[in-house]
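Here's the structure we're looking at; comments come further down.
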Amino acid sequence: DAGVTQSPTHLIKTRGQQVTLRCSPKSGHDTVSWYQQALGQGPQFIFQYYEEEERQRGNFPDRFSGHQFPNYSSELNVNALLLGDSALYLCASSRPRGGRVETQYFGPGTRLLVL
Amino acid sequence: AQTVTQSQPEMSVQEAETVTLSCTYDTSENNYYLFWYKQPPSRQMILVIRQEAYKQQNATENRFSVNFQKAAKSFSLKISDSQLGDTAMYFCAFMKRLQGAQKLVFGQGTRLTINP
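Structural data, given as structure tokens:
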């Protein structure tokens, strides 16, 4: 049973560039959430996708956008990169049903460094 | 908005000892879930234990147990017979129980080191 996978594992970009991060959910999961984890901090919620739509968004600017595909995989795009975007980006998948909370399972993350 | 506070940035104990990590949270919600996640140095976040707020019984998972005090909004994690593999960052997290989107709100984490 494949867990949550993310690619790439590491990425180096320069300020102003754009980046795309990818996530494949755990088998059987249809909901993908993205989190940003700055060094030494707890993860911060960016947004969540379900049925190919953004369902909820955290306090992140519009430079952060996403997409979910019919196979439930997801992409996180960040435009006009800033130094402060350097962080570990975590993807988590789940399968919430009828208000019942399902545990979110995390991928290994993508480490983004903006120079 | 919900907030989660972990007041112990770092802790260190000897192998086989028992250690307790603290977590407090602030919410006006009555239905919610609480989680402890572990993030080893290899960085993949792993669920340790979860607690449903409507359940009075404290959750346990092998050597891991919680002390859930709903009125005090406290959710501590106890690790018994600690092992070297327990060395990791531990995050306490809160999730509202509602239809649709469910996001985790994390604390700042506690870095736990188990010494041989």
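These protein sequences, in sequence, are chains A and B. Following this note's numbering, the numbering of the first sequence begins with 390 at its first residue and continues without gaps. Following this note's numbering, the numbering of the second sequence begins with 28 at its first residue and continues without gaps. Positions of the beta carbon are idealized from the N, C-alpha and C atoms, including for glycine.
Residue i vs residue j beta-carbon contact at 8 Å
i	j	result
glycine 136/B	threonine 32/B	no
threonine 499/A	leucine 428/A	no
glutamine 78/B	tyrosine 60/B	yes
glycine 455/A	leucine 471/A	no
leucine 111/B	proline 68/B	no
glutamine 29/B	valine 132/B	yes
Simplified DSSP state of residue i, which is helix, strand or coil
i	result
leucine 428/A	coil
histidine 501/A	Going by the sequence as given, residue 501/A is leucine instead of histidine. Looking at leucine 501/A - three-state DSSP - the assignment turns out to be strand.
leucine 61/B	strand
aspartate 53/B	strand
leucine 111/B	helix
leucine 470/A	coil
threonine 45/B	coil
tyrosine 117/B	strand
tyrosine 461/A	coil
glutamate 79/B	strand
glutamate 491/A	coil
threonine 398/A	coil
lysine 123/B	strand
histidine 456/A	strand
Neighbour flag for residue i against chain A, beta carbons, 8 Å
i	result
glutamine 78/B	no
glycine 112/B	no
phenylalanine 102/B	no
glutamine 29/B	no
glutamine 83/B	no
glutamine 35/B	no
valine 74/B	The displayed chain sequence assigns leucine, not valine, to residue 74/B. By this cut-off, leucine 74/B is an interface position.
lysine 130/B	yes
arginine 90/B	no
glutamine 41/B	no
Supposed contact pair residue j and residue i - C-beta distance, whole angstroms, cut 8 Å
i	j	result
glutamine 426/A	leucine 501/A	About 11 Å; that fails the 8 Å criterion.
phenylalanine 62/B	leucine 48/B	That pair is no contact at about 13 Å.
isoleucine 141/B	serine 109/B	5 Å
valine 467/A	glutamine 407/A	7 Å
tyrosine 438/A	serine 463/A	5 Å
Beta-carbon contacts of residue i that lie in its chain and below 6 Å, excluding the five residues immediately before and after
i	result
glutamate 443/A	Phe436
leucine 504/A	Thr403
glutamine 66/B	Met72, Ala115, Met116
glycine 447/A	Phe434, Ile435
Chain B within 8 Å of residue i, Cβ atoms only
i	result
threonine 394/A	no
phenylalanine 449/A	no
threonine 492/A	yes
leucine 400/A	no
proline 498/A	As written in the sequence, residue 498/A is glycine, which differs from the proline given in the question. Yes, glycine 498/A lies at the interface with chain B (some Cβ there is under 8 Å from its Cβ).
Where residue i meets chain E, residues with beta-carbon distance less than 7 Å
i	result
glycine 431/A	Absent from the structure: chain E. Protein chains present are A and B.
Cutoff 7 Å; reference residue i; Cβ partners in own chain excluding five residues on either side
i	result
tyrosine 81/B	Asn58
glutamate 44/B	Ser109
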